[in-house]
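S.K.: 1 is the number of the first residue of the sequence shown in the UniProt record's numbering; add one for each residue after it.
A virtual CB, placed ideally from N, CA and C, is assigned to each residue, including glycine.
It should be emphasised that the depicted structure is a prediction, and the values quoted were computed from it without experimental measurement.
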Amino acid sequence: MRIVILLDGLVLPPLDWDCLDHKGVRMPQSAATISGIQRMVLYETRARYFLVGSNQAQTKHRVLKIDRTEPKDLVIIDDKHVYNQQEVRELLGRLDLGNRTKIGQKGSSGLSRAVSAFGIVGFVRFLEGYYIVLITKRRKMADIGGHSIYKIEDTSMIYIPNDSVRVTHPDEARYVRIFQNVDLSSNFYFSYSYDLSHSLQYNLTLLQRPYELWTSTASSAEEEVHTQSKQDSFDIFEEEGLPTQVVYGLQNEPYYKYVWNGKLLERVKDIVHHDWLMYIIHGFCGQSKLLIYGRPVHITLIARRSSKFAGTRFLKRGANCEGDVANEVETEQIVHDASVMSYTAGSYSSYVQVRGSVPLYWSQDISTMMPKPPIRLDQADPYAHVAGLHFDQMLQRFGSPIIILNLVKKREKRKHEKILSEELYPAVINLNQFLPPDHCIDYIAWDMARYTKSKLCNVLDRLGMIAENVVKRTGFYINRSDFYCHTIRPDDRWGDVGGHITASGRVQTGVLRTNCVDCLDRTNTAQFMVGKCALAYQLYALGMIDKPKLQFDTDCVRLFEELYEDHGDTLSLQYGGSQLVHRVKTYRKIAPWTQHSKDIMQTLSRYYSNAFSDADRQDAINLFLQVYQPLETKPHLWELPTDFYLHQRNTMALPQDRRSYTLWWSEGILSYLPVAYDEVPCVDTMKKVKVKRVNRFDESIDIYTEFFKPYEITSFDDTFCIAMTNSAREFMPKTVGVDPSPFTVRKPEETGKSVLGNKSNKEETLLQRKTAASAPPPPSEEAISSTSEDDSEEDRDDDGSVSQRSTPIKLLTESGESNRTQEEIQPHVVKEPYGINLAEFPSEQDLLTYKRFAQLGESEHRVERTEHINLANISFLEPVSCFPEDSIYAVSSPQVDRDSRDVFDSHVMTGQGHVRALCRDDMLMYREYVKNRYM
1 MRIVILLDGL
11 VLPPLDWDCL
21 DHKGVRMPQS
31 AATISGIQRM
41 VLYETRARYF
51 LVGSNQAQTK
61 HRVLKIDRTE
71 PKDLVIIDDK
81 HVYNQQEVRE
91 LLGRLDLGNR
101 TKIGQKGSSG
111 LSRAVSAFGI
121 VGFVRFLEGY
131 YIVLITKRRK
141 MADIGGHSIY
151 KIEDTSMIYI
161 PNDSVRVTHP
171 DEARYVRIFQ
181 NVDLSSNFYF
191 SYSYDLSHSL
201 QYNLTLLQRP
211 YELWTSTASS
221 AEEEVHTQSK
231 QDSFDIFEEE
241 GLPTQVVYGL
251 QNEPYYKYVW
261 NGKLLERVKD
271 IVHHDWLMYI
281 IHGFCGQSKL
291 LIYGRPVHIT
301 LIARRSSKFA
311 GTRFLKRGAN
321 CEGDVANEVE
331 TEQIVHDASV
341 MSYTAGSYSS
351 YVQVRGSVPL
361 YWSQDISTMM
371 PKPPIRLDQA
381 DPYAHVAGLH
391 FDQMLQRFGS
401 PIIILNLVKK
411 REKRKHEKIL
421 SEELYPAVIN
431 LNQFLPPDHC
441 IDYIAWDMAR
451 YTKSKLCNVL
461 DRLGMIAENV
471 VKRTGFYINR
481 SDFYCHTIRP
491 DDRWGDVGGH
501 ITASGRVQTG
511 VLRTNCVDCL
521 DRTNTAQFMV
531 GKCALAYQLY
541 ALGMIDKPKL
551 QFDTDCVRLF
561 EELYEDHGDT
571 LSLQYGGSQL
581 VHRVKTYRKI
591 APWTQHSKDI
601 MQTLSRYYSN
611 AFSDADRQDA
621 INLFLQVYQP
631 LETKPHLWEL
641 PTDFYLHQRN
651 TMALPQDRRS
661 YTLWWSEGIL
671 SYLPVAYDEV
681 PCVDTMKKVK
691 VKRVNRFDES
701 IDIYTEFFKP
711 YEITSFDDTF
721 CIAMTNSARE
731 FMPKTVGVDP
741 SPFTVRKPEE
751 TGKSVLGNKS
761 NKEETLLQRK
771 TAASAPPPPS
781 EEAISSTSED
791 DSEEDRDDDG
801 SVSQRSTPIK
811 LLTESGESNR
821 TQEEIQPHVV
831 KEPYGINLAE
841 FPSEQDLLTY
851 KRFAQLGESE
861 HRVERTEHIN
871 LANISFLEPV
881 SCFPEDSIYA
891 VSSPQVDRDS
901 RDVFDSHVMT
911 GQGHVRALCR
921 DDMLMYREYV
931 KNRYM
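1) Rounded to whole angstroms, what's the CA-CA distance from residue 174 to residue 382? Just pull it up for me.
2) Would you call the region 273-283 in contact with the region 515-529, where contact means no fewer than 3 C-beta pairs closer than 8 Å?
3) On the three-state DSSP scale, how would you describe residue 647?
4) Count the other C-beta atoms from every protein chain shown that fall within 10 angstroms of the C-beta of residue 851, then say buried if there are 16 or more, exposed otherwise.
5) Look at the alpha carbon of residue 176 and the alpha carbon of residue 126, and state the distance between them as a whole number of angstroms.
6) Check whether the region 339-350 touches the region 408-418, taking contact to mean three or more Cβ pairs, one atom from each stretch, closer than 8 Å.
7) Let me know the beta strand (DSSP E) ranges lying completely inside the region 648-726, each 3 residues or longer, listed in chain order.
8) Taking C-alpha atoms, which residue in 672, 925, 111, 493 lies nearest to residue 401?
9) Would you please state the rounded distance, in angstroms, between the beta carbons of residue 335 and residue 299? I believe it to be under 8 Å.
10) If residue 329 sits next to residue 305, beta carbons under 8 Å apart, how far is it from one beta carbon to the other, in whole angstroms?
11) Just to confirm the assignment: which complete beta strand (DSSP E) runs, minimum length 3, are found wholly within the region 485-566?
12) Work out the CA separation of residue 458 and residue 517 for me, nearest whole Å.
13) Relative to the C-alpha of residue 709, which residue among 618, 900, 511, 55 is closest?
14) Ignore the nearest five residues each way along the sequence and tell me which others in residue 150's own chain have a CB closer than 7 Å to its CB.
15) When burial is assigned at 16 or more other CB atoms within 10 Å of the CB, is residue 638 buried or exposed?
16) Along the chain, where does the beta strand (DSSP E) that runs through residue 40 open and close?
17) Return yes when the Cβ of residue 89 is within less than 8 Å of the Cβ of residue 58, no when it is not.
18) Report the rounded CA-to-CA distance for residue 263 versus residue 134, giving the unit in angstroms.
19) Could you please give me the residues that DSSP links to residue 155 through a beta bridge?
20) Taking the alpha carbon of residue 719 as the point to measure from, which residue in 707, 711, 407 has its own alpha carbon closest?
21) Does DSSP classify residue 729 as helix, strand or coil?
22) Thinking C-alpha only, which one of 375, 915, 358 is nearest residue 366?
23) Is it true that the CB of residue 308 sits closer than 8 Å to the CB of residue 937?
24) Does the count of Cβ pairs from the region 85-99 and the region 109-129 closer than 8 Å reach three?
25) Helix, strand or coil, according to DSSP, for residue 204 in the structure here?
26) If I follow the unbroken alpha helix (DSSP H) through residue 452, where does it start and stop?
27) For residue 696 and residue 247, which I take to be in contact (beta-carbon distance under 8 Å), what is that distance rounded to the nearest angstrom?
28) Compute the Euclidean distance between the alpha carbons of residue 703 and residue 907, then round it to the nearest angstrom.
29) Find the nearest neighbour of residue 198 within the set 693, 853, 252, judged by alpha-carbon distance.
30) Mind checking who residue 333 pairs with in its DSSP beta bridge?
31) Along the chain, where does the alpha helix (DSSP H) that runs through residue 396 open and close?
32) Rounded to the nearest angstrom, what separates residue 71 and residue 478 at their Cα positions?
33) State the start and end residues of the unbroken alpha helix (DSSP H) segment that holds residue 619.
34) Between the region 660-668 and the region 429-436, do at least 3 Cβ pairs fall closer than 8 Å?
35) Do residue 37 and residue 378 come within 8 Å of each other at the CB atom, strictly closer than that value?
36) Quick check: residue 389 and residue 32, are their CB atoms within less than 8 Å of each other?
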C-alpha cells in the first residue's frame with residue numbers, strides 16, 4: 001500500500017510501509033529524530049534563570065532551571081516534563097508573581113525576559129562562575145531532503161551567578177576576551193534534525209538497517225512511546241479499526257572528532273534531556289542549484305574541520321601522540337534530485353574525501369621570522385606508531401582502500417618539503433607489511449609544483465587521470481540501484497566503478513587522503529579535480545547525463561568550481577589567515593594578468609597573520625575547545641611557553657598498555673573490510689544508537705511539517721530555494737538561441753553574469769568577512785585575499801577575484817531569523833535567464849519574417865500531381881503502443897501488436913547483417929519513393 005499526500009499541488013512521497021522482514025512480518029520504518037527544542041527564551045529572576053525551550057510550532061515546551069546563587073558551581077534542574085502553551089504561561093505567571101518584591105505589586109516584575117535564542121552552544125567557566133553561550137541569530141545555508149542546515153550568525157554570552165554572590169578575579173576579563181576571539185558567527189553550523197558530524201552515507205545506511213537488529217534496543221526504550229492525544233497526533237487508520245503504524249525514531253551519538261562544542265556540553269550532557277543538546281561543526285557549508293532543463297538538482301558541499309589538534313598554520317603541524325593531524329578536514333559533496341524530498345523515494349548520492357597534514361612528528365620554527373621556516377622532525381618514529389594510529393582511525397571510519405595523494409616537492413636545491421616524503425613513504429611501507437594485500441594503503445606521490453612550472457605538462461589532465469583511478473577504486477554512495485538505461489546503453493567506465501554494491505544502491509568504501517605541506521592551495525585543486533570526476537559519476541548514476549564525463553567551461557562545472565573555491569578560501573582563512581592564491585584557473589593558466597599585483601598584498605597579509613596574530617588565535621582555540629582549562633593553581637594560558645604538552649597529553653605519563661607495532665589496527669576492523677567498521681550493524685555500533693517507538697504522525701519524526709511549516713504564513717520570495725545560486729540564472733548566457741543545457745561547453749564571452757559581478761568592492765569585502773573564519777584583521781582593505789602556501793617563489797598567475805558562489809547576505813529581524821535578502825529580490829521575468837519575454841506579443845516585423853519562413857518551408861519539396869492525394873495513405877499517425885502507467889516511480893511495458901514486432905525484428909536483423917530478400921511490395925514502395933523525391 002502506498003499513500004500519496006497532495007497539498008497545494010505538491011506531491012510528497014510518503015514513508016514506505018510495505019517493508020517485510022525475512023519472516024514476512026511488516027517491518028516498521030525508521031526515521032531520524034527531530035529536536036524538540038528549536039526556540040528558547042531566557043527568563044531572569046534574582047535567584048534563578050529559567051530557560052524555556054519549545055519546538056518549531058511552539059506546541060510543546062520544556063523548562064530548565066539554572067541556579068544563580070552558586071558562585072562557582074553549575075546547578076541545573078531539568079524536570080523532564082513537557083508543557084503545552086497554556087501550562088507554560090501559567091508557570092511563568094506564577095514565577096512572576098512569586099518573585100516580586102512585594103506581593104501584589106505591579107510596577108516592577110519579578111520575572112524579566114533576558115534574551116531569545118535558537119540553541120545552546122554550551123557552558124564555560126574560567127576563574128569565576130559559569131557562563132552560558134546562546135545562539136541568538138541564525139541563517140539557513142542548505143537543505144538536504146527537508147533537513148535544514150543553519151549557520152550561526154550571532155551569539156550571546158551571559159554570566160550566570162548573581163552579582164551579590166560573584167567572586168571577582170582580576171584575570172577573568174582577559175580570559176573572556178580570549179574566548180570571544182573564536183568568532184562563532186564565522187562558519188559554525190548546526191542542524192536540528194540532521195547529524196552534521198557524520199556523512200550522508202552513514203546517516204542513510206543507519207536508517208536502512210534491518211528491524212531485528214534493534215528489537216532489544218527498542219524494547220528497552222519502550223517507556224518512551226509517545227501516547228499523544230488525538231488532536232496532537234491524528235491517525236486516519238484508527239477509526240477504521242486498523243493498527244496504528246509505528247516508526248522507530250533514531251538518535252545517533254555524534255562523531256566527536258568533528259564536534260566543536262562537545263567539551264562545552266560535557267558538564268550537562270547527562271543531566272538534561274537530549275533535546276537541549278545541539279552539536280555544532282566548524283568548516284564550510286554551501287549549496288547551489290543545478291537546473292537541467294528545469295529539473296532541479298542540488299549540489300551541496302560540507303567541510304568538517306577536526307576539533308582534535310586544531311590550530312593555526314605554523315603552530316600546528318604534523319600529528320599528535322593520539323594520531324590526530326593538523327588541518328584535518330573531511331569534505332563531502334552531496335548530489336540529490338530536489339524534485340523529490342523523501343529519503344525513501346528520493347535519489348541521493350555523496351562522495352567523501354579528506355585532507356590533513358603529514359602524519360608524522362614534525363614542525364616549523366617560526367622564531368626566525370622567515371617566510372618559509374625550515375621543516376624539522378621533532379621525534380623519531382621508526383615503527384610508524386603515530387601514522388598507525390592515524391590510519392587506524394581512517395580504516396574504522398571509511399574502510400579500505402585508504403589512498404594517499406602526496407603532492408609535496410620531490411626535487412629541491414635545498415631539502416625542505418622532501419623531508420616529509422622521505423619519512424612518510426617508509427612509514428606506509430612498514431604499516432602495509434602487516435595488512436592483508438587486498439586492504440593495503442595506496443601511496444601516490446606526485447610533485448604538483450614541478451609539473452606546474454613545466455610548459456609541456458598539463459597539470460589538470462594528470463590530476464584527472466589520478467582522479468579517475470581513485471573514484472573507480474573507492475566508488476561513491478547512492479541510495480538507489482542502477483537505472484535500466486545503464487544496461488541498454490552501457491559505459492565502459494561505469495563497469496569498473498568500485499565500492500560495495502548493496503540491494504538498495506552503492507556504498508563508498510575507502511577514501512582519498514590528499515596532502516601537501518599546508519594542505520591549502522595544491523590540495524584544494526586536487527580535491528576539486530577528484531570531486532569533478534566523482535560528480536560526473538554521481539550525475540550519471542542519477543540518470544542526469546548519458547556519460548560519466550564533465551567538460552570544463554560548462555555551467556555545471558563553473559557552478560561546482562565556484563563552490564570549491566569558496567570552500568578552499570574559507571578553509572584557508574581558518575588555518576592560514578588568508579584566502580587561496582593558486583586556484584583552478586592558475587593551473588589551467590587562464591588567470592588574468594591583473595592578479596599579480598593582488599598577490600603581493602596577499603603575501604604581506606599572510607605574513608602578517610602568521611607572524612603576529614596566529615599565537616592569539618591559537619590561544620583562543622585552545623580555550624574554546626577546553627584543551628586548556630584555567631585554574632588558580634596553574635599558570636595562565638598566556639604564560640605558557642608552548643602548548644605542546646596540552647595537545648600531547650600521553651607524553652606526560654608512561655602508557656600502561658602500549659599498542660602492538662604489528663597489529664596496529666583496532667580489534668574487529670579487518671573482519672568487515674572493505675566496509676567501514678562504524679557503518680556495520682554490530683554490538684559496538686548499536687550501542688551508539690537510541691531508539692524509541694513513535695506514531696508515524698508524531699512531530700518528532702515528521703520532516704514534512706518541519707520543512708513546509710503548514711501552520712505558518714510564509715512568502716514564496718523568502719524561501720531559501722529562491723536565494724540559492726541557480727545555474728540558469730547566474731551562469732547560462734542571456735542571448736537568444738543558446739542551448740540551455742548546463743553540460744554544453746560555453747565560450748568565454750558567453751559566460752552568464754556572475755553573482756558578484758555588479759557588487760562594489762566594499763560589498764565584496766563585506767561578503768568575504770561574513771563567510772570568513774575567525775581570521776585576524778588584515779593590514780588594509782585590499783589585503784583581504786590570500787597568499788600562497790609554501791610555493792611563494794613560484795610564478796603566480798591565478799585569479800584572486802572573489803568567488804562567485806555565495807548565499808546572499810540577509811538582513812536579520814529582531815527574532816534573529818533571516819527573512820529578506822540584502823537587496824530586495826526583484827521578480828525575475830523570463831527575459832533574464834532566456835533572453836526573451838514570452839509574455840509580450842511578437843512585433844509585426846517578426847510575424848512577417850515567420851510567415852515568409854513558413855511559406856518557404858511549405859514549397860521546398862512540393863510535388864506536382866494531377867490526382868488527389870489522400871494523406872491517410874501516406875502518413876499513418878495512429879499510435880501503435882502506449883504506456884498504461886508512466887511516472888518516476890513505476891513504468892508499465894506497452895502492448896505491441898504482431899506487425900510492429902515483425903518490423904522491429906526485421907530492423908534488428910538488418911543491423912546484425914541478416915538482410916531478408918526484397919518482395920514485390922518493397923520494390924513498388926521504393927520506386928514510388930524515388931519518383932516522388934527526384935523525378
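M.R.: Quick answer:
1) Walking along the sequence shown from the start, residue 174 turns up at place 174. Walking along the sequence shown from the start, residue 382 turns up at place 382. Spanning the alpha carbons of residue 174 and residue 382 requires a straight line of approximately 43 Å.
2) Output reads no: the region 515-529 does not touch the region 273-283.
3) Walking along the sequence shown from the start, residue 647 turns up at place 647. Residue 647: helix per DSSP, three-state reduction.
4) If you number the sequence shown from 1, residue 851 lands on position 851. So residue 851 counts as exposed.
5) Position 176 of the sequence shown, counted from the first residue, corresponds to residue 176. Position 126 of the sequence shown, counted from the first residue, corresponds to residue 126. Approximately 8 Å between the Cα atoms of the pair.
6) No, because fewer than three Cβ pairs between the region 339-350 and the region 408-418 fall closer than 8 Å, the two stretches do not touch.
7) With a minimum length of 3 residues, the continuous beta strand (DSSP E) runs that stay inside the region 648-726 are 689-695.
8) As a first step, residue 401 must be located in the sequence shown, where it is residue number 401. Of the candidates 672, 925, 111, 493, the residue whose Cα lies closest to the Cα of residue 401 is 672.
9) Position 335 of the sequence shown, counting from 1, holds the residue named residue 335. Position 299 of the sequence shown, counting from 1, holds the residue named residue 299. So it is a contact: roughly 6 Å between Cβ atoms.
10) Mapped onto the sequence shown, residue 329 falls at position 329. Mapped onto the sequence shown, residue 305 falls at position 305. Rounded, the Cβ-Cβ distance is 5 Å, consistent with contact.
11) If we require 3 residues or more, the beta strand (DSSP E) runs fully inside the region 485-566 come out as 500-502, 505-507, 511-515.
12) The residue labelled residue 517 in the question sits at position 517 within the sequence shown. The residue labelled residue 458 in the question sits at position 458 within the sequence shown. Residue 458 has its alpha-carbon roughly 22 Å from the corresponding atom of residue 517.
13) By one-based count along the sequence shown, residue 709 stands at place 709. A check of alpha carbon separations from residue 709 across 618, 900, 511, 55 identifies 55 as the nearest.
14) As a working mapping, residue 150 is identified with position 150 in the sequence shown. So the qualifying residues of the chain are 138, 139, 140, 141, 189, 190, 191.
15) What you label residue 638 is simply residue 638 of the sequence shown in a count that begins at 1. Residue environment analysis places residue 638 among the exposed positions, since fewer than 16 neighbouring C-beta atoms fall within 10 angstroms of its C-beta.
16) Reading the sequence shown from its first residue, position 40 is the one you call residue 40. 39-44 is the span of the beta strand (DSSP E), which, as asked, contains residue 40.
17) Here residue 58 refers to the residue found at position 58 when the sequence shown is read from its first residue. Here residue 89 refers to the residue found at position 89 when the sequence shown is read from its first residue. Between residue 58 and residue 89, the C-beta gap is not smaller than 8 Å, which leaves the two residues out of contact.
18) As a first step, residue 263 is located in the sequence shown; it is residue number 263 there, counting from the start. As a first step, residue 134 is located in the sequence shown; it is residue number 134 there, counting from the start. Their backbone Cα atoms lie some 15 Å apart in a straight line.
19) As a first step, residue 155 must be located in the sequence shown, where it is residue number 155. Beta-bridge annotation (DSSP): residue 155 is paired with 135.
20) For the purposes of this step, residue 719 is taken as the residue at position 719 of the sequence shown. Among 707, 711, 407, the Cα nearest to that of residue 719 is on 707.
21) Within the sequence shown, numbered from 1, the residue matching residue 729 stands at position 729. Three-state DSSP puts residue 729 in a helix.
22) Position 366 of the sequence shown, counted from the first residue, corresponds to residue 366. Nearest of 375, 915, 358 to residue 366, Cα basis: 375.
23) Since the displayed the chain opens at 1 and closes at 935, residue 937 lies outside it and no answer follows.
24) Yes, the region 85-99 touches the region 109-129.
25) By 1-based counting over the sequence shown, the position of residue 204 is 204. In the three-state DSSP reduction, residue 204 falls in the helix class (H, G or I).
26) For the purposes of this step, residue 452 is identified with residue 452 of the sequence shown, where counting begins at 1. Looking at the DSSP string, the run of the alpha helix (DSSP H) that includes residue 452 is 448-453.
27) Looking up residue 696 in the sequence shown gives position 696. Looking up residue 247 in the sequence shown gives position 247. Yes, residue 696 and residue 247 are in contact; Cβ-Cβ is about 5 Å, under 8 Å.
28) Walking along the sequence shown from the start, residue 703 turns up at place 703. Walking along the sequence shown from the start, residue 907 turns up at place 907. When only Cα atoms are considered, residue 703 and residue 907 end up about 51 Å apart.
29) In the sequence shown, residue 198 corresponds to position 198, counting from 1. Residue 198 has its Cα closest to that of 252, out of 693, 853, 252.
30) Sequence index remark: in the sequence shown, residue 333 carries index 333 (1-based). Answer is 301, 351.
31) Here the question's residue 396 lines up with position 396 in the sequence shown. It spans 385-398 - the alpha helix (DSSP H) in which residue 396 sits, taken as one unbroken run.
32) By one-based count along the sequence shown, residue 71 stands at place 71. By one-based count along the sequence shown, residue 478 stands at place 478. If you take the alpha carbons of residue 71 and residue 478, they lie about 53 Å apart.
33) For the purposes of this step, residue 619 is taken as residue 619 along the sequence shown, with counting starting at 1. Residue 619 -> alpha helix (DSSP H) spans 614-624.
34) Yes: at least three Cβ pairs fall under 8 Å.
35) Translated into the one-based positions of the sequence shown, residue 378 becomes position 378. Translated into the one-based positions of the sequence shown, residue 37 becomes position 37. It is not a contact, given that the beta carbons lie outside the stated cut-off.
36) The residue labelled residue 389 in the question sits at position 389 within the sequence shown. The residue labelled residue 32 in the question sits at position 32 within the sequence shown. Between residue 389 and residue 32, the C-beta spacing is not below 8 Å.
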